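Chains as they are written, first to last, in my numbering: chain F, 775 to 1116; chain S, 775 to 1116.
Just so you know, even glycine gets a beta-carbon here, dropped at the ideal spot from N, CA and C.
Bear in mind the structure is a predicted one, so any value in this text is a computation, not a measurement.
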């Protein structure tokens, strides 16, 4: 492929590629890629995402670079979209060669973000959660099935207990998970869902300071995978839970603005997950400890995911060339190239 | 077109669209769009571009929004690319709907950036430069012809005097401009090029603190269109010229880092061009004054350019649909959509 043609992975090709590889294998591979990149965290250029907020949502750019490859993701978050029949979150992303600045890959990332978010959650739980066969899954929307399968494939979860304010969402989730080797238990309340669960995943969509979990619902020794508290004014956990949890985050300057810890003082102690993975600090230090992964999603996870997709393209045909970069024979002669298009 | 399909303007279609409309008409239209957006400057979300620097170049994201439409550009700057037969600057950009976060347009922007940069230069000169038939054009690379035609179409320039360290670049530029209604005068030195020129455009590519113009070369009453001093460590003008010029800039927080004024104290007075256009402050105040447009390129110019291209697409066929946004029938059922792709 010549340099001016950028491989593009459409939504259709992403679905076909994921099915070709197998969803659980993709989740396991993504978790390994993300873990490897978290282990070399200091090598990356890091910046909080660049957000453009409006009354109804946010549009964000999430760039990072490891000095050889540059990547960024475009992603929106519009909680009101669902009522219009649209996705709350849509995304696409790009990889480029740092040496030349030329793009290497353009890809849909709505699906890929759902996969990498679940893979990151399960990878973090591998380091932080107690051994448990059971996960509560509160919020059964677009992200739910990905979370369930990631925790099955990466953490050995065998039962998921589902709850959503909307019973239709729970029914949809249970239907999609049927026959995939998980015991799926729909529940009528959050309290019922967390019964016996060593891991509690919260992944609800409302842009509000909600209280999905109250303090008395969270017993000792539990791991909370907090996914849905991910932008200013959007949290899911009672503040008291945070005060008695060991809190692990991706990139503190971003999580302090967007995560559950926006409810806490700006100097409240948190641990960076990469330091646990790199062996610099301990993860769970006590079976009775409540651990919280306050996940908001960081650019390096998207970078890992895009690099993984690129590595799997090969001769697969799951991409198409996009005529995106003007590349005149004489680089000084951009004007002449236009004239010759006549 | 359904929402999941994003109109994409390829390099090929951009060339065809520009030729279909006519290059000078596009330059005039772009200058008008950019001027209109500069006039409503306070309505925009503004941020200095987000740069990822390496030893060999920079990759940047340039977002902005007017509250209804969001836009961003990806652009690289790699001065060493030319020796590899690659473009120094390549770019693409996107418009999105602030209400939903869904993309509205994806477009190549290597060509469009060249056009909007020239249109912005000429639009600024319309407000700042003396009446003059003659422009010196120092630096005859990929941007040169666009500058020449923009100043012809927008400022009434009838003679361009060309100089480049590389005579082949000058020859290329003269060849491309032949027969377009301009008197084109190749010169053997920068000194010769500026003879009688009321406007001096500097648009060289080296990433270095160069001195393309020394102080004694710039006579009173001249307008300098400084285009090539556009990133940290890359300037073209002797500092003494800046000290006796009235300096006009796009967005001071960005220009202080990237423009000619990186050579000056951070509180050296500059005027924002939009304030001149909005009638808030005067432009040129004296025929003897040296005016400098210290141009680095700002996100709003790309926003204006993308909106213009979108407005010209209509039923033209100069775009193709890109399957970029996952859009399941039930927005909660992203997982089910993947399964159904089987």
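Next item on the list: Flag residue 981(S) as yes if its beta-carbon sits less than 9 Å from any beta-carbon of chain F, otherwise no.
Entry: When Cβ-Cβ separations below 9 Å define contact, residue 981(S) makes no contact with chain F.
Margin query: My assumption, with CB atoms under 8 Å, is that residue 1034(S) sits in contact with residue 1068(S). Please give the rounded CB distance.
Written below: 5 Å
Next item on the list: Could you round the C-beta distance between residue 999(S) and residue 973(S) to whole angstroms and report it? I think they count as a contact, below 8 Å.
Entry: 6 Å
Item checked: residue 1005(F), DSSP secondary structure in three states -> Correct three-state label for residue 1005(F): strand.
Note to self: Tell me which residue opens and which closes the beta strand (DSSP E) that residue 782(S) is part of.
What the structure shows: Its beta strand (DSSP E) spans residues 779-783.
Item checked: Distance, residue 1037(S) Cα to residue 839(S) Cα -> 30 Å
Note to self: Can you find the residues in the same chain that come closer than 6 Å, C-beta to C-beta, to residue 1056(F), ignoring five residues on each side of it along the sequence?
What the structure shows: none
Item checked: Contacts of residue 792(S) in chain F (Cβ-Cβ under 9 Å) -> 1112, 1115
Next item on the list: Mind listing the chain S neighbours of residue 1098(F)? Cutoff is C-beta to C-beta under 8 Å, in chain order.
Entry: 784, 785, 866, 882
Checklist line | Whole-angstrom distance between residue 831(S) and residue 1110(S), CA atom to CA atom | finding: Approximately 43 Å between the Cα atoms of the pair.
Checklist line | Three-state class that DSSP yields for residue 808(F) in the structure shown | finding: helix
Item checked: Range covered by the alpha helix (DSSP H) that runs through residue 1110(F) -> 1108-1114
Check: With 16 as the cutoff for other CB atoms within 10 Å, does residue 1062(F) come out buried or exposed?
Finding: exposed
Item checked: Nearest to residue 778(F) (by Cα), restricted to the options 1097(S), 1065(S), 1043(S), 864(S) -> When only C-alpha atoms are compared, the closest one is 864(S).
Check: What are the residues that DSSP puts in a beta bridge with residue 1025(F)?
Finding: None; residue 1025(F) has no bridge partner.
Note to self: Taking only three categories from DSSP, how would you classify residue 846(F)?
What the structure shows: Residue 846(F) falls in the strand class under three-state DSSP.
Check: Does the Cβ of residue 775(F) have 16 or more other Cβ atoms within 10 Å, making it buried, or fewer, making it exposed?
Finding: Since pLDDT at residue 775(F) reaches only 48, below the 50 mark, its modelled position is unreliable, and no value is offered.
Note to self: Can you list, in chain order, the residues of its chain with a C-beta nearer than 6 Å to that of residue 1050(S)? Leave out the 5 residues immediately preceding and following it.
What the structure shows: 901, 1057, listed in sequence order.
Checklist line | Bridge partner(s) assigned by DSSP for residue 1020(S) | finding: 1065(S)
Margin query: I want to verify the contact list: residues of chain S whose CB lies under 9 Å from the CB of residue 852(F), in sequence order.
Written below: 873, 874, 875, 876
Notebook entry, point to check: Three or more beta-carbon pairs under 8 Å between the segment 1070-1080 of chain F and the segment 842-849 of chain S, yes or no?
Noted result: no
Checklist line | Interface partners of residue 821(S) on chain F, CB under 9 Å | finding: 824, 826
Item checked: Among 877(F), 835(F), 788(F), 898(F), nearest to residue 1024(F) - alpha-carbon criterion -> 898(F)
Margin query: With a threshold of 9 Å between beta carbons, is residue 918(S) in contact with chain F?
Written below: yes
Next item on the list: Compile a chain-ordered list of the residues in the segment 996-1029 of chain S whose CB is closer than 9 Å to at least one CB of chain F.
Entry: Listed by position along the chain: nothing, the set is empty.
Next item on the list: Give a yes or no on whether the minimum CB-CB distance between residue 1043(S) and chain F is below 9 Å.
Entry: no
Notebook entry, point to check: Expressed to the nearest angstrom, what Euclidean distance is found between the alpha-carbon atoms of residue 964(S) and residue 938(S)?
Noted result: Answer to the nearest angstrom: the Cα atoms are 8 Å apart.
Margin query: If we define contact as Cβ-Cβ less than 9 Å, is residue 1108(S) a contact residue for chain A?
Written below: Absent from the structure: chain A. Protein chains present are F and S.
Notebook entry, point to check: If the cut is a Cβ gap below 9 Å, which residues of chain F does residue 1101(S) touch?
Noted result: 785, 859, 860, 861, 864, 884
Notebook entry, point to check: Under a CB-based cut-off of 9 Å, is residue 895(S) close to chain F?
Noted result: With 9 Å as the cut-off, residue 895(S) does not count as an interface residue toward chain F.
Next item on the list: Return helix, strand or coil for residue 974(F), following the three-state DSSP convention.
Entry: strand
Next item on the list: List the residues of chain S whose Cβ lies closer than 8 Å to the Cβ of residue 835(F), in chain order.
Entry: 824, 835, 837, 846
Next item on the list: Please look up how many angstroms separate the CB atoms of residue 788(S) and residue 882(S), rounded, as I've assumed it's under 8 Å.
Entry: 5 Å
Next item on the list: Run the CB neighbour count on residue 967(F), radius 10 Å, all protein chains shown included, and call it buried at 16 or more, exposed below.
Entry: buried
Next item on the list: Whole angstroms is fine: what's the gap from residue 892(S)'s alpha carbon to residue 833(F)'s?
Entry: 29 Å
Check: Who pairs with residue 937(S) in a beta bridge, going by DSSP?
Finding: 912(S)
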